[in-house]
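Chemist: One line per chain: the protein sequences are A and B, in this order.
For the first sequence, our numbering begins at 9 and goes up steadily by one.
For the second sequence, our numbering begins at 9 and goes up steadily by one.
Positions of the beta carbon are idealized from the N, C-alpha and C atoms, including for glycine.
Protein chains: 2
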Amino acid sequence: MARYRVGMETRARILEATRDVLGEQGLESATLKAITDRAGVGAGSFYNLFESKEAAVWEVLAEAITAVDPDPDGHGTETVDDLIAAFVAFVTGETATLARIHLQLAGIALTEPEVAAPIARSHARRVERFAAAMQRDDPDVDDASAAGHAEVLLGALTGLAMRTVMARDFDLAAAAAGLPRHPSAAAPAVGHRS
Amino acid sequence: MARYRVGMETRARILEATRDVLGEQGLESATLKAITDRAGVGAGSFYNLFESKEAAVWEVLAEAITAVDPDPDGHGTETVDDLIAAFVAFVTGETATLARIHLQLAGIALTEPEVAAPIARSHARRVERFAAAMQRDDPDVDDASAAGHAEVLLGALTGLAMRTVMARDFDLAAAAAGLPRHPSAAAPAVGHRS
DNA sequence: GCGAACTTTGAGCGAACGCTCCAAGTTGTG
DNA sequence: CACAACTTGGAGCGTTCGCTCAAAGTTCGC
Chain A
9 MARYRVGMET RARILEATRD VLGEQGLESA TLKAITDRAG VGAGSFYNLF
59 ESKEAAVWEV LAEAITAVDP DPDGHGTETV DDLIAAFVAF VTGETATLAR
109 IHLQLAGIAL TEPEVAAPIA RSHARRVERF AAAMQRDDPD VDDASAAGHA
159 EVLLGALTGL AMRTVMARDF DLAAAAAGLP RHPSAAAPAV GHRS
Chain B
9 MARYRVGMET RARILEATRD VLGEQGLESA TLKAITDRAG VGAGSFYNLF
59 ESKEAAVWEV LAEAITAVDP DPDGHGTETV DDLIAAFVAF VTGETATLAR
109 IHLQLAGIAL TEPEVAAPIA RSHARRVERF AAAMQRDDPD VDDASAAGHA
159 EVLLGALTGL AMRTVMARDF DLAAAAAGLP RHPSAAAPAV GHRS
């Protein structure tokens with residue numbers, strides 16, 4: 009839709025504004041006026057460059073889904089620590105705004121099937137990646153408990169990220185360092201107190 | 009605002025409708041029309057019983073925040089297993105709709121300070137409860153690692169609950185049974201790979 | 001069973017929403 | 001440098017939003 013240089017630049021400014029509004033004020037506050045005011049652009053310019061408001065929002069949401077998993081076609085050599093460090097960087101680094109949006113997405117997915125599908129795919133991919141790294145670290149771990157512990161680790165990381173974003177002085181890196189890396193550390197799955 | 013019996017009943021129907029709409033369609037779709045249509049009530053009746061749309065929504069959100077912690081002034085005798093079982097019941101039992109709303113709340117809290125405050129308070133209370141139960145189960149556990157592991161456990165439970173709500177065939181009880189109950193099971197907090 | 005208190009409905013208000021349209025200006029190509 | 005292609009802003013469209021209000025009906029203590 010944009011062919012000239014100025015158009016491309018305006019498009020980028022609009023996406024940046026959309027990102028900021030979504031991150032700071034949430035999906036409900038991401039009105040056309042909020043976005044175009046922030047981008048310093050008229051409604052006409054917006055619709056010259058995007059099909060609809062939804063299209064711009066969706067482009068940013070997709071970015072927030074993707075960005076949590078850097079190097080998605082990695083060489084299969086990362087350790088669990090690497091993956092955790094990458095997540096910590098995603099939440100605390102330059103992508104912090106995208107991380108804020110990412111953390112809103114799970115809640116949104118509960119009531120928006122169109123968001124739920126890619127979120128589910130992304131989650132499955134991350135579980136696979138964590139489980140594979142776990143088995144690389146410790147070849148004795150079987151598939152099922154690796155996947156199960158990956159689920160636990162991801163859940164815990166998300167919970168801690170939430171705290172980080174809401175209380176800026178929370179030290180995510182330190183908290184993440186204390187997470188159990190191996191399923192062997194888990195309590196026995198059977199025979200525990202009824 | 010309601011003094012007669014019929015008024016009280018209508019009020020309850022409206023709250024039920026609000027709960028259903030929030031659980032099934034989310035905050036953004038919880039318009040006055042959606043709520044009053046579902047409750048089988050005119051707009052005038054709604055405003056005879058509630059200060060504003062926000063007031064009704066907020067009443068349900070507060071309920072969803074509170075309901076995750078049953079018996080909040082408990083006698084301090086529950087085990088970690090009890091607390092986990094209570095959470096599983098919250099998500100899979102009769103309160104499933106409230107649980108769906110509860111899981112949306114964290115994302116909402118990121119951009120709505122009014123929601124963030126009670127959520128943070130509720131979370132702190134739950135961490136305390138889990139940590140206390142942990143120390144009751146194993147008196148050797150110190151305060152810091154109990155609190156830290158409570159955080160991990162709650163994060164993991166929330167993550168698993170999310171999966172349960174999105175994929176109805178997911179067995180939350182079984183997954184929760186595999187969670188590490190004790191901080192002792194965690195990886196060493198210091199000295200791990202740089 | 002009277003009457004004050006309460007409940008109910010739905011048309012309609014002003015504001016805000018997403019979006020369209022077009023006249024004027026800018027960009028880039030041959 | 002001419003001209004088509006693209007970009008721009010903003011007035012204004014139709015719709016939906018939360019909410020009000022007056023008139024008619026219902027409830028319930030006395």
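1) Exposed or buried, which one is residue 188(A) when buried takes at least 16 other CB atoms within 10 Å?
2) Confirm, please, whether the CB-CB distance from residue 158(A) to residue 139(A) is below 8 Å.
3) At 9 Å on the CB atoms, spell out the chain B contacts of residue 142(A), in chain order.
4) Compile a chain-ordered list of the residues in the segment 106–119 of chain A whose CB is closer than 8 Å to at least one CB of chain B.
5) How is the alpha helix (DSSP H) around residue 9(B) delimited, first residue to last?
6) Under 8 Å, Cβ to Cβ, is there at least one residue of chain B near residue 13(A)?
7) Under 7 Å Cβ to Cβ from residue 25(B), same chain only, skipping five residues before and after it: list those, please.
8) So, does the CB of residue 149(B) fall closer than 8 Å to a CB anywhere in chain A?
9) So, is residue 260(A) buried or exposed, given that buried needs 16 or more other C-beta atoms within 10 angstroms?
10) With 16 other CB atoms within 10 Å as the buried threshold, where does residue 52(B) fall?
11) What residue range is occupied by the uninterrupted alpha helix (DSSP H) comprising residue 155(A)?
12) Applying a beta-carbon distance threshold of less than 7 Å, which residues of chain A neighbour residue 166(B)?
13) Can you find the residues in the same chain that come closer than 7 Å, C-beta to C-beta, to residue 128(A), ignoring five residues on each side of it along the sequence?
14) Going by C-alpha to C-alpha distance, which of 49(A), 130(A), 31(A) and 173(A) sits closest to residue 76(A)?
15) For a contact defined as C-beta to C-beta under 8 Å, what are the partners of residue 82(A) on chain B?
16) Using a C-beta to C-beta distance shorter than 9 Å, which residues of chain B count as neighbours of residue 173(A)?
17) May I ask you to report which of helix, strand or coil DSSP gives residue 53(A)?
18) Going straight from the alpha carbon of residue 50(B) to that of residue 15(B), what length do you get?
19) Determine, for residue 10(A), whether the minimum Cβ-Cβ distance to residues of chain B falls below 8 Å.
20) Would you mind working out which of 65(A), 142(A) and 36(A) sits nearest residue 160(A), comparing C-alpha positions?
21) Please list, in chain order, all residues of the same chain as residue 9(B) whose beta carbon is under 6 Å from its beta carbon, the five residues on each side excluded.
22) Taking its Cβ as the centre, do 16 or more other Cβ atoms sit within 10 Å of residue 180(B), making it buried, or is it exposed?
23) Please state if the CB of residue 68(A) and the CB of residue 109(A) are separated by a distance shorter than 8 Å.
24) Going along the chain, which residues of its own chain have a beta-carbon closer than 7 Å to the beta-carbon of residue 119(A), five neighbours each way excluded?
25) Check whether the segment 164–183 of chain A and the segment 88–105 of chain A touch, using three or more Cβ-Cβ pairs below 8 Å as the test.
26) Can you tell me whether DSSP reads residue 75(A) as helix, strand or coil?
27) Quick check: is the beta carbon of residue 35(A) nearer than 8 Å to any beta carbon in chain B?
28) Can you grab the Cα-Cα spacing for the pair residue 34(B) / residue 151(B), in whole Å?
29) Expressed to the nearest angstrom, what Euclidean distance is found between the alpha-carbon atoms of residue 135(A) and residue 162(A)?
30) Just reading off the alpha helix (DSSP H) that residue 44(A) is part of, what are its end residues?
31) DSSP on residue 136(A), reduced to helix/strand/coil?
32) Residue 172(A): buried (16+ other C-beta within 10 angstroms of its C-beta) or exposed?
33) Using a cut-off of 7 Å between C-beta atoms, extract the partners of residue 170(B) located in chain A.
34) Under three-state DSSP, which class holds residue 37(A)?
35) Could you work out which residues of chain B lie near residue 156(A), taking near to mean beta carbons separated by less than 8 Å?
36) Using only alpha-carbon positions, find the residue among 83(A), 73(A) and 116(A) that is nearest to residue 105(A).
Modeler: This is what the structure gives:
1) buried
2) yes
3) None at all; the shortest Cβ gap to chain B is about 12 Å.
4) 108, 111, 112, 113, 114, 115, 116, 117, 118 and 119
5) Counting along the chain, residue 9(B) falls outside any alpha helix (DSSP H), and DSSP gives it neither H nor E.
6) no
7) 43, 46 and 47
8) no
9) The question about residue 260(A) has no answer, for chain A in this structure spans 9 to 202.
10) exposed
11) 151–174
12) 163 and 167
13) none
14) 130(A)
15) None at all; the shortest Cβ gap to chain B is about 18 Å.
16) 118, listed in chain order.
17) helix
18) 13 Å
19) no
20) Put simply, of 65(A), 142(A) and 36(A) the residue whose alpha carbon is nearest the alpha carbon of residue 160(A) is 142(A).
21) 57
22) buried
23) yes
24) none
25) yes
26) coil
27) yes
28) 38 Å
29) 8 Å
30) Per DSSP, the unbroken alpha helix (DSSP H) holding residue 44(A) starts and ends at 40–47.
31) Three-state DSSP puts residue 136(A) in a helix.
32) buried
33) Neighbours of residue 170(B) on chain A, chain order: 114.
34) helix
35) 183 and 186
36) 73(A)
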